[in-house]
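*Asks:* In our numbering, the protein residues as written are 0 to 305.
Backbone N, C-alpha and C define an ideal beta-carbon position, used for all residues, glycine too.
Before I ask anything, let me first share the structure, which is written out below as C-alpha coordinates.
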(Lines of atoms letter the chains of each structure in order from A and count residues from 1; the text may use other names and numbers.)
(Lines give C-alpha, C1' and ligand atoms only; values in the text may rest on other atoms or scores of the structure.)
Protein backbone atom coordinates (compact mmCIF):
# COMPACT_ATOMS: atom_id res chain seq x y z
CA UNK A 1 0.00 0.00 0.00
CA UNK A 2 2.86 2.37 0.73
CA UNK A 3 4.38 1.62 -2.64
CA UNK A 4 1.03 2.15 -4.33
CA UNK A 5 0.54 5.54 -2.61
CA UNK A 6 3.99 6.68 -3.69
CA UNK A 7 3.16 6.30 -7.38
CA UNK A 8 2.11 9.58 -9.08
CA UNK A 9 -1.07 8.18 -10.69
CA UNK A 10 -1.98 5.56 -8.12
CA UNK A 11 -5.62 5.40 -6.85
CA UNK A 12 -4.48 6.28 -3.33
CA UNK A 13 -2.61 9.35 -4.55
CA UNK A 14 -5.61 10.48 -6.64
CA UNK A 15 -7.96 10.07 -3.64
CA UNK A 16 -5.56 12.10 -1.50
CA UNK A 17 -5.39 14.83 -4.15
CA UNK A 18 -9.19 14.99 -4.48
CA UNK A 19 -9.66 15.06 -0.72
CA UNK A 20 -7.28 18.01 -0.43
CA UNK A 21 -9.11 19.83 -3.20
CA UNK A 22 -12.49 19.16 -1.60
CA UNK A 23 -11.46 20.07 1.96
CA UNK A 24 -11.89 23.88 1.60
CA UNK A 25 -15.34 23.37 0.05
CA UNK A 26 -16.42 21.33 3.07
CA UNK A 27 -15.54 24.30 5.29
CA UNK A 28 -17.34 26.69 2.95
CA UNK A 29 -20.41 24.48 2.50
CA UNK A 30 -22.53 26.00 5.36
CA UNK A 31 -22.01 29.52 4.01
CA UNK A 32 -22.59 28.45 0.41
CA UNK A 33 -25.77 26.66 1.46
CA UNK A 34 -27.10 29.79 3.18
CA UNK A 35 -26.21 31.93 0.15
CA UNK A 36 -28.03 29.48 -2.13
CA UNK A 37 -31.12 29.38 0.11
CA UNK A 38 -31.45 33.10 0.76
CA UNK A 39 -30.06 34.64 -2.45
CA UNK A 40 -29.96 32.33 -5.46
CA UNK A 41 -33.18 30.40 -4.80
CA UNK A 42 -35.32 33.55 -4.28
CA UNK A 43 -33.63 35.18 -7.28
CA UNK A 44 -34.42 32.15 -9.47
CA UNK A 45 -38.04 32.21 -8.29
CA UNK A 46 -38.27 35.96 -8.96
CA UNK A 47 -36.86 35.52 -12.47
CA UNK A 48 -39.40 32.76 -13.15
CA UNK A 49 -42.20 35.15 -12.13
CA UNK A 50 -41.16 37.44 -15.01
CA UNK A 51 -42.42 34.79 -17.46
CA UNK A 52 -45.71 34.22 -15.64
CA UNK A 53 -48.96 36.07 -15.15
CA UNK A 54 -49.16 36.59 -11.38
CA UNK A 55 -51.70 39.24 -10.51
CA UNK A 56 -53.38 38.83 -7.14
CA UNK A 57 -56.34 40.89 -8.36
CA UNK A 58 -56.95 38.18 -10.98
CA UNK A 59 -55.93 34.99 -9.14
CA UNK A 60 -57.63 32.73 -11.69
CA UNK A 61 -55.64 34.11 -14.62
CA UNK A 62 -52.22 32.73 -13.75
CA UNK A 63 -49.74 30.68 -15.72
CA UNK A 64 -46.80 30.93 -18.07
CA UNK A 65 -47.05 33.78 -20.58
CA UNK A 66 -43.55 33.68 -22.06
CA UNK A 67 -42.28 37.13 -23.04
CA UNK A 68 -45.66 38.88 -22.72
CA UNK A 69 -44.59 40.80 -19.62
CA UNK A 70 -41.49 42.10 -21.40
CA UNK A 71 -43.57 43.05 -24.43
CA UNK A 72 -45.92 44.99 -22.16
CA UNK A 73 -42.92 46.62 -20.49
CA UNK A 74 -41.52 48.00 -23.75
CA UNK A 75 -44.96 49.40 -24.62
CA UNK A 76 -45.29 51.10 -21.22
CA UNK A 77 -44.62 54.84 -21.37
CA UNK A 78 -44.34 55.04 -17.59
CA UNK A 79 -41.58 52.44 -17.70
CA UNK A 80 -39.44 54.55 -20.06
CA UNK A 81 -40.23 57.65 -18.03
CA UNK A 82 -39.09 55.86 -14.87
CA UNK A 83 -35.96 54.64 -16.71
CA UNK A 84 -35.05 58.22 -17.62
CA UNK A 85 -35.63 59.35 -14.04
CA UNK A 86 -33.46 56.46 -12.84
CA UNK A 87 -30.53 57.66 -14.96
CA UNK A 88 -30.99 61.22 -13.67
CA UNK A 89 -31.37 60.09 -10.05
CA UNK A 90 -28.37 57.74 -10.19
CA UNK A 91 -25.97 60.04 -12.03
CA UNK A 92 -26.78 63.14 -9.97
CA UNK A 93 -26.55 61.30 -6.64
CA UNK A 94 -23.40 59.41 -7.62
CA UNK A 95 -21.40 62.42 -8.84
CA UNK A 96 -22.27 64.58 -5.84
CA UNK A 97 -21.62 61.77 -3.37
CA UNK A 98 -18.29 60.94 -4.97
CA UNK A 99 -16.87 64.47 -5.13
CA UNK A 100 -18.03 65.43 -1.64
CA UNK A 101 -16.83 62.06 -0.30
CA UNK A 102 -13.41 62.47 -1.96
CA UNK A 103 -13.07 66.00 -0.56
CA UNK A 104 -13.91 64.76 2.94
CA UNK A 105 -11.50 61.83 2.61
CA UNK A 106 -8.68 64.20 1.60
CA UNK A 107 -9.54 66.47 4.53
CA UNK A 108 -9.70 63.65 7.07
CA UNK A 109 -6.41 62.24 5.79
CA UNK A 110 -4.67 65.27 7.29
CA UNK A 111 -3.82 65.71 10.94
CA UNK A 112 -5.78 68.43 12.73
CA UNK A 113 -7.32 69.01 16.11
CA UNK A 114 -10.54 67.09 16.89
CA UNK A 115 -10.16 64.99 13.73
CA UNK A 116 -11.70 61.95 15.46
CA UNK A 117 -14.79 63.96 16.39
CA UNK A 118 -15.13 65.25 12.85
CA UNK A 119 -14.87 61.68 11.53
CA UNK A 120 -17.67 60.58 13.84
CA UNK A 121 -19.91 63.42 12.62
CA UNK A 122 -19.11 62.70 8.96
CA UNK A 123 -19.96 59.02 9.31
CA UNK A 124 -23.17 59.65 11.29
CA UNK A 125 -25.56 59.85 8.27
CA UNK A 126 -24.59 56.31 7.26
CA UNK A 127 -25.97 55.04 10.58
CA UNK A 128 -29.37 56.75 10.19
CA UNK A 129 -32.12 54.45 8.78
CA UNK A 130 -33.21 55.47 5.29
CA UNK A 131 -36.86 55.76 6.38
CA UNK A 132 -35.98 58.19 9.17
CA UNK A 133 -33.67 60.11 6.84
CA UNK A 134 -36.49 60.52 4.31
CA UNK A 135 -38.91 61.77 6.96
CA UNK A 136 -36.35 64.24 8.29
CA UNK A 137 -35.62 65.72 4.87
CA UNK A 138 -39.34 65.89 4.06
CA UNK A 139 -39.75 67.98 7.20
CA UNK A 140 -36.79 70.19 6.25
CA UNK A 141 -38.31 70.92 2.82
CA UNK A 142 -41.73 71.72 4.31
CA UNK A 143 -42.16 75.55 4.24
CA UNK A 144 -44.41 75.52 7.31
CA UNK A 145 -42.06 73.77 9.76
CA UNK A 146 -38.76 73.40 7.85
CA UNK A 147 -36.04 76.04 7.38
CA UNK A 148 -34.78 75.11 3.89
CA UNK A 149 -37.47 76.83 1.75
CA UNK A 150 -36.90 80.13 3.57
CA UNK A 151 -33.12 79.82 3.22
CA UNK A 152 -33.39 79.01 -0.49
CA UNK A 153 -35.72 81.98 -0.95
CA UNK A 154 -33.28 84.30 0.86
CA UNK A 155 -30.44 83.08 -1.37
CA UNK A 156 -32.49 83.76 -4.48
CA UNK A 157 -32.76 80.11 -5.50
CA UNK A 158 -36.55 80.15 -5.05
CA UNK A 159 -38.83 83.07 -5.86
CA UNK A 160 -40.75 82.41 -2.64
CA UNK A 161 -40.64 79.81 0.13
CA UNK A 162 -42.46 76.69 -1.03
CA UNK A 163 -42.03 72.92 -0.92
CA UNK A 164 -39.92 71.85 -3.89
CA UNK A 165 -41.23 68.29 -3.40
CA UNK A 166 -44.53 69.49 -4.85
CA UNK A 167 -42.90 71.04 -7.93
CA UNK A 168 -42.56 68.57 -10.85
CA UNK A 169 -39.54 70.50 -12.17
CA UNK A 170 -37.61 70.46 -8.87
CA UNK A 171 -39.07 67.53 -6.91
CA UNK A 172 -36.28 65.10 -7.87
CA UNK A 173 -33.69 67.34 -6.21
CA UNK A 174 -35.27 66.71 -2.80
CA UNK A 175 -34.51 62.96 -2.71
CA UNK A 176 -31.18 63.59 -4.49
CA UNK A 177 -30.03 65.99 -1.76
CA UNK A 178 -31.18 63.53 0.92
CA UNK A 179 -29.39 60.69 -0.87
CA UNK A 180 -26.19 62.72 -1.17
CA UNK A 181 -26.25 63.44 2.55
CA UNK A 182 -26.93 59.75 3.23
CA UNK A 183 -24.26 58.37 0.87
CA UNK A 184 -21.27 60.69 1.34
CA UNK A 185 -19.90 58.64 4.29
CA UNK A 186 -19.56 55.53 2.09
CA UNK A 187 -17.13 57.27 -0.26
CA UNK A 188 -15.42 59.09 2.60
CA UNK A 189 -14.76 55.84 4.52
CA UNK A 190 -13.55 53.76 1.57
CA UNK A 191 -11.44 56.49 -0.05
CA UNK A 192 -9.93 57.47 3.30
CA UNK A 193 -8.82 53.87 3.82
CA UNK A 194 -7.26 53.86 0.35
CA UNK A 195 -5.51 57.19 1.00
CA UNK A 196 -4.00 55.93 4.22
CA UNK A 197 -2.51 52.94 2.39
CA UNK A 198 -0.47 55.14 0.01
CA UNK A 199 3.24 55.13 1.04
CA UNK A 200 4.31 58.51 2.42
CA UNK A 201 7.69 58.09 0.73
CA UNK A 202 6.09 58.75 -2.64
CA UNK A 203 4.86 62.17 -1.54
CA UNK A 204 8.25 62.99 -0.05
CA UNK A 205 9.99 62.01 -3.27
CA UNK A 206 7.52 64.03 -5.34
CA UNK A 207 8.00 67.05 -3.07
CA UNK A 208 11.79 66.80 -3.40
CA UNK A 209 11.38 66.72 -7.19
CA UNK A 210 9.45 69.99 -6.99
CA UNK A 211 5.93 68.65 -7.65
CA UNK A 212 3.12 70.95 -6.62
CA UNK A 213 0.15 69.83 -4.55
CA UNK A 214 -2.01 69.37 -7.65
CA UNK A 215 0.76 67.40 -9.42
CA UNK A 216 1.14 65.13 -6.39
CA UNK A 217 -2.60 64.54 -6.38
CA UNK A 218 -2.71 63.83 -10.13
CA UNK A 219 0.48 61.74 -10.37
CA UNK A 220 0.51 59.95 -6.99
CA UNK A 221 -2.89 60.02 -5.31
CA UNK A 222 -5.21 59.37 -8.26
CA UNK A 223 -3.28 56.38 -9.70
CA UNK A 224 -3.40 54.66 -6.30
CA UNK A 225 -7.06 55.56 -5.77
CA UNK A 226 -8.22 54.54 -9.27
CA UNK A 227 -8.90 50.82 -8.53
CA UNK A 228 -10.75 51.71 -5.32
CA UNK A 229 -12.70 54.44 -7.12
CA UNK A 230 -13.78 51.96 -9.80
CA UNK A 231 -15.12 49.39 -7.31
CA UNK A 232 -16.80 51.96 -5.03
CA UNK A 233 -18.45 53.72 -7.97
CA UNK A 234 -19.71 50.36 -9.25
CA UNK A 235 -21.15 49.33 -5.89
CA UNK A 236 -22.68 52.70 -5.13
CA UNK A 237 -24.24 52.97 -8.59
CA UNK A 238 -25.97 49.61 -8.12
CA UNK A 239 -27.18 50.59 -4.65
CA UNK A 240 -28.48 54.00 -5.77
CA UNK A 241 -30.31 52.56 -8.80
CA UNK A 242 -32.06 50.07 -6.50
CA UNK A 243 -32.56 52.52 -3.62
CA UNK A 244 -36.25 53.46 -3.64
CA UNK A 245 -36.65 54.11 0.10
CA UNK A 246 -36.06 57.85 0.07
CA UNK A 247 -38.25 58.45 -2.97
CA UNK A 248 -41.12 56.35 -1.62
CA UNK A 249 -40.99 58.14 1.75
CA UNK A 250 -40.44 61.69 0.46
CA UNK A 251 -42.50 61.90 -2.76
CA UNK A 252 -44.00 58.45 -3.41
CA UNK A 253 -42.99 58.91 -7.05
CA UNK A 254 -44.89 62.18 -7.45
CA UNK A 255 -45.87 64.78 -8.26
CA UNK A 256 -47.28 63.47 -11.54
CA UNK A 257 -44.67 60.71 -11.66
CA UNK A 258 -41.78 63.20 -11.85
CA UNK A 259 -39.70 61.30 -9.26
CA UNK A 260 -40.69 57.75 -10.13
CA UNK A 261 -37.61 55.56 -10.79
CA UNK A 262 -37.52 51.93 -11.84
CA UNK A 263 -37.11 50.52 -8.34
CA UNK A 264 -39.99 52.61 -6.95
CA UNK A 265 -42.15 51.75 -9.99
CA UNK A 266 -41.40 48.06 -9.41
CA UNK A 267 -42.38 48.45 -5.74
CA UNK A 268 -45.63 50.22 -6.67
CA UNK A 269 -46.51 47.63 -9.33
CA UNK A 270 -45.85 44.68 -7.03
CA UNK A 271 -47.27 45.83 -3.70
CA UNK A 272 -50.03 48.24 -4.72
CA UNK A 273 -51.20 46.95 -8.07
CA UNK A 274 -50.32 43.41 -6.92
CA UNK A 275 -48.98 42.54 -10.40
CA UNK A 276 -45.94 40.49 -9.44
CA UNK A 277 -45.39 39.12 -12.94
CA UNK A 278 -44.97 42.51 -14.57
CA UNK A 279 -42.95 43.83 -11.61
CA UNK A 280 -40.61 40.83 -11.88
CA UNK A 281 -40.10 41.50 -15.59
CA UNK A 282 -38.99 45.05 -14.83
CA UNK A 283 -36.78 43.77 -12.02
CA UNK A 284 -35.11 41.31 -14.41
CA UNK A 285 -34.47 44.16 -16.87
CA UNK A 286 -32.90 46.23 -14.09
CA UNK A 287 -30.82 43.22 -13.02
CA UNK A 288 -29.48 42.75 -16.57
CA UNK A 289 -28.76 46.47 -16.87
CA UNK A 290 -26.81 46.55 -13.61
CA UNK A 291 -24.96 43.32 -14.48
CA UNK A 292 -23.74 44.78 -17.79
CA UNK A 293 -22.69 47.95 -16.00
CA UNK A 294 -20.82 45.97 -13.33
CA UNK A 295 -18.98 43.89 -15.95
CA UNK A 296 -17.80 47.05 -17.71
CA UNK A 297 -16.58 48.60 -14.44
CA UNK A 298 -14.81 45.38 -13.42
CA UNK A 299 -13.09 45.32 -16.80
CA UNK A 300 -11.95 48.90 -16.31
CA UNK A 301 -10.70 48.09 -12.81
CA UNK A 302 -8.79 45.10 -14.16
CA UNK A 303 -7.05 47.37 -16.68
CA UNK A 304 -6.19 49.86 -13.94
CA UNK A 305 -4.57 47.15 -11.80
CA UNK A 306 -2.23 46.07 -14.61
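Which whole-angstrom value is the C-beta distance of residue 68 and residue 276, which I expect to be below 8 Å?
*Replies:* Taking the chain shown and counting its residues from 1, the one referred to as residue 68 is at position 69. Taking the chain shown and counting its residues from 1, the one referred to as residue 276 is at position 277. Yes, they are in contact, since the Cβ atoms of residue 68 and residue 276 sit about 5 Å apart, within 8 Å.
*Asks:* Taking three-plus beta-carbon pairs below 8 Å as touching, is the segment 286-302 in contact with the segment 226-242?
*Replies:* yes
*Asks:* According to DSSP, simplified to helix, strand and coil, what is residue 178?
*Replies:* Sequence index remark: in the chain shown, residue 178 carries index 179 (1-based). Three-state result, residue 178: helix.
*Asks:* Can you tell which of 186, 24, 243, 170 has its C-alpha closest to the C-alpha of residue 255?
*Replies:* Counting from one through the chain shown, the residue named residue 255 turns up at place 256. Minimum Cα distance to residue 255 is reached at 170.
*Asks:* Indicate the three-state DSSP secondary structure (helix, strand or coil) for residue 165 in the structure shown.
*Replies:* Against the chain shown, residue 165 aligns to sequence position 166. Of the three classes helix, strand and coil, the one that applies to residue 165 here is helix, per DSSP.
*Asks:* Pull up the distance between the alpha-carbon of residue 12 and that of residue 27, whole angstroms please.
*Replies:* One-based indexing of the chain shown puts residue 12 at position 13. One-based indexing of the chain shown puts residue 27 at position 28. Cα to Cα, the separation comes out at about 24 Å.
*Asks:* Round the Cβ separation of residue 278 and residue 265 to the nearest angstrom and send it over; I've been treating them as touching at under 8 Å.
*Replies:* What you label residue 278 is simply residue 279 of the chain shown in a count that begins at 1. What you label residue 265 is simply residue 266 of the chain shown in a count that begins at 1. So it is a contact: roughly 5 Å between Cβ atoms.
*Asks:* Give me the Cβ distance between residue 100 and residue 181, rounded to the nearest whole Å; I'm assuming they're in contact under 8 Å.
*Replies:* In the chain shown, counting from the first residue as 1, residue 100 sits at position 101. In the chain shown, counting from the first residue as 1, residue 181 sits at position 182. That belief does not hold up - the Cβ atoms of residue 100 and residue 181 are roughly 12 Å apart, past 8 Å.
*Asks:* Grab me the residues of residue 91's own chain with a C-beta within less than 6 Å of its C-beta, minus the 5 sequence neighbours each way, in chain order.
*Replies:* Translated into the one-based positions of the chain shown, residue 91 becomes position 92. Closer than 6 Å at the Cβ level, and outside the excluded window around residue 91, lie 175.
*Asks:* Is it true that the segment 186-197 meets the segment 101-112, where meeting means three or more beta-carbon pairs spaced less than 8 Å apart?
*Replies:* yes
*Asks:* Residues bridged to residue 51 by DSSP?
*Replies:* Here residue 51 is taken as the residue at index 52 of the chain shown, counted from 1. Partner(s): 63.
*Asks:* Expressed to the nearest angstrom, what Euclidean distance is found between the alpha-carbon atoms of residue 58 and residue 273?
*Replies:* Start at 1 with the first residue of the chain shown, and residue 58 comes out as number 59. Start at 1 with the first residue of the chain shown, and residue 273 comes out as number 274. So the alpha carbons of these two residues sit roughly 10 Å apart.
*Asks:* For residue 274, does the three-state DSSP call read helix, strand or coil?
*Replies:* Position 275 of the chain shown, counted from the first residue, corresponds to residue 274. Residue 274 falls in the strand class under three-state DSSP.
*Asks:* Alpha carbon to alpha carbon, how far is residue 126 from residue 286? Give it in angstroms, no decimals.
*Replies:* Numbered from 1 along the chain shown, position 287 holds the residue referred to as residue 286. Numbered from 1 along the chain shown, position 127 holds the residue referred to as residue 126. In a straight line, the C-alpha of residue 286 is about 27 Å away from that of residue 126.
*Asks:* What's the call for residue 204, buried or exposed, on a 16-neighbour Cβ count within 10 Å?
*Replies:* Residue 204 sits at position 205 when you count from the first residue of the chain shown. By the 10 Å Cβ count, residue 204 comes out exposed.
*Asks:* So is residue 29 buried or exposed if we call it buried at 16+ other beta carbons inside 10 Å?
*Replies:* Position 30 of the chain shown, counted from the start, is the residue given in the question as residue 29. Label assigned to residue 29: exposed.
*Asks:* Provide the residue span of the alpha helix (DSSP H) that contains residue 197, from first to last.
*Replies:* The count along the chain shown starts at 1 and reaches residue 197 at position 198. It is not in any alpha helix (DSSP H) - residue 197 carries neither H nor E in the DSSP assignment.
*Asks:* For residue 162, which residues from the same chain have a beta carbon less than 7 Å from its beta carbon, with the 5 sequence-adjacent residues on both sides left out?
*Replies:* As a first step, residue 162 is located in the chain shown; it is residue number 163 there, counting from the start. Hits under 7 Å: 140, 141, 142, 148.
*Asks:* Any heavy atom of the ligand GDP closer than 7 Å to the beta-carbon of residue 142?
*Replies:* What this structure holds is no ligand at all, so the ligand GDP is not there to describe.
*Asks:* Can you give the beta carbon distance from residue 289 to residue 240, rounded, assuming they're within the 8 Å contact cut?
*Replies:* To locate residue 289, count along the chain shown from 1; it is residue 290. To locate residue 240, count along the chain shown from 1; it is residue 241. So it is a contact: roughly 6 Å between Cβ atoms.
*Asks:* Between residue 61 and residue 52, how many whole angstroms is the CB-CB distance? I'm expecting something under 8 Å.
*Replies:* Taking the first residue of the chain shown as 1, we reach residue 61 at position 62. Taking the first residue of the chain shown as 1, we reach residue 52 at position 53. Yes, residue 61 and residue 52 are in contact; Cβ-Cβ is about 6 Å, under 8 Å.
*Asks:* Should residue 251 and residue 129 be called a contact, given that it needs their Cβ atoms to be closer than 8 Å?
*Replies:* Start at 1 with the first residue of the chain shown, and residue 251 comes out as number 252. Start at 1 with the first residue of the chain shown, and residue 129 comes out as number 130. Result no, Cβ atoms of residue 251 and residue 129 do not sit closer than 8 Å.
*Asks:* Going along the chain, which residues of its own chain have a beta-carbon closer than 6 Å to the beta-carbon of residue 78, five neighbours each way excluded?
*Replies:* The residue you call residue 78 lines up with position 79 of the chain shown. Same-chain partners within the cutoff: 72.
*Asks:* Which term fits residue 301, buried or exposed, when burial requires 16 or more other beta carbons within 10 angstroms of its beta carbon?
*Replies:* Taking the first residue of the chain shown as 1, we reach residue 301 at position 302. Per the 10 Å Cβ criterion, exposed.
*Asks:* Closest to residue 172 by C-alpha separation, out of 24, 262, 88, would be which residue?
*Replies:* Here the question's residue 172 lines up with position 173 in the chain shown. Of the listed residues, the one whose Cα sits closest to residue 172 is 88.
*Asks:* Pull up the distance between the alpha-carbon of residue 211 and that of residue 218, whole angstroms please.
*Replies:* As a working mapping, residue 211 is identified with position 212 in the chain shown. As a working mapping, residue 218 is identified with position 219 in the chain shown. Separation of residue 211 and residue 218 (C-alpha to C-alpha, rounded to the nearest whole angstrom) is 10 Å.
*Asks:* Could you pull out every residue in the same chain whose Cβ sits closer than 7 Å to the Cβ of residue 263, ignoring the five residues on either side in sequence?
*Replies:* Mapped onto the chain shown, residue 263 falls at position 264. Counting only Cβ-Cβ distances below 7 Å, and skipping sequence neighbours, we find 243, 246, 247, 252.
*Asks:* Can you list, in chain order, the residues of its chain whose CB lies under 7 Å from that of residue 236, leaving out five sequence neighbours each side?
*Replies:* Within the chain shown, residue 236 is the residue found at index 237, counting from 1. The residues are 89, 93, 292.
*Asks:* Report the three-state DSSP secondary structure of residue 110 (helix, strand or coil).
*Replies:* By one-based count along the chain shown, residue 110 stands at place 111. DSSP, read as helix, strand or coil, puts residue 110 in coil.
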